[in-house]
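First comes the structure, then the notes that go with it.
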Amino acid sequence: MKKLILLLVMLFAVMGGAYAAVNINTATQDELETLEGIGPAKAKAIIDHRKKKGPFKTPGDLEKVKGIGPAMMKRLRPQIT
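Read left to right, the sequence shown gives residues 3 to 83 (the numbering used here).
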């Protein structure tokens, strides 16, 4: 039983380390495309917005990018910083 508990603890530790939130101010196009609902066009729009307007002050500022509305933000919020 102790071995099973140890195995589960190790599994969760490894899985937790595999997930990392994407920083919307520093992410590359490829990194942005790993986000649910973000394809090449939206990733490029995020980067273009960032270049023109500067860094996002909050994750919610991502809604200022064309094509990203409240529903998309609800899905993205847990994945971004």
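Beta carbons are placed, not taken as given, at the ideal position from N, Cα and C, and that holds for glycine. Bear in mind the structure is a predicted one, so any value in this text is a computation, not a measurement.
If we ignore side chains and look at the alpha-carbon of each, how far apart do K68 and A22 end up?
Locating residue 68 in the sequence shown gives position 66, counting from the first residue. Locating residue 22 in the sequence shown gives position 20, counting from the first residue. Spanning the two alpha carbons is a distance of roughly 25 Å.
According to the Cβ coordinates, are R79 and E38 closer than 8 Å?
Translated into the one-based positions of the sequence shown, residue 79 becomes position 77. Translated into the one-based positions of the sequence shown, residue 38 becomes position 36. No. Outside cutoff.
Of the choices A73, K54 and E35, whose alpha-carbon is the least far from that of G62?
Mapped onto the sequence shown, residue 62 falls at position 60. Comparing Cα positions, the closest option is A73.
Hey, could you find the ends of the alpha helix (DSSP H) L34 is sitting in?
Counting from one through the sequence shown, the residue named residue 34 turns up at place 32. For L34, the enclosing alpha helix (DSSP H) has its first and last residue at Q31 to L34.
Using the beta-carbon count (16 or more within 10 Å), is K44 buried or exposed?
Start at 1 with the first residue of the sequence shown, and residue 44 comes out as number 42. By the neighbour-count rule (16 or more Cβ atoms within 10 Å), K44 is buried.
Cβ neighbours of I26 in the same chain (closer than 8 Å, five flanking residues each side left out)
Locating residue 26 in the sequence shown gives position 24, counting from the first residue. So the list reads L34, I48, R52, F58, P61, L64, I82 and T83, once near-sequence residues are dropped.
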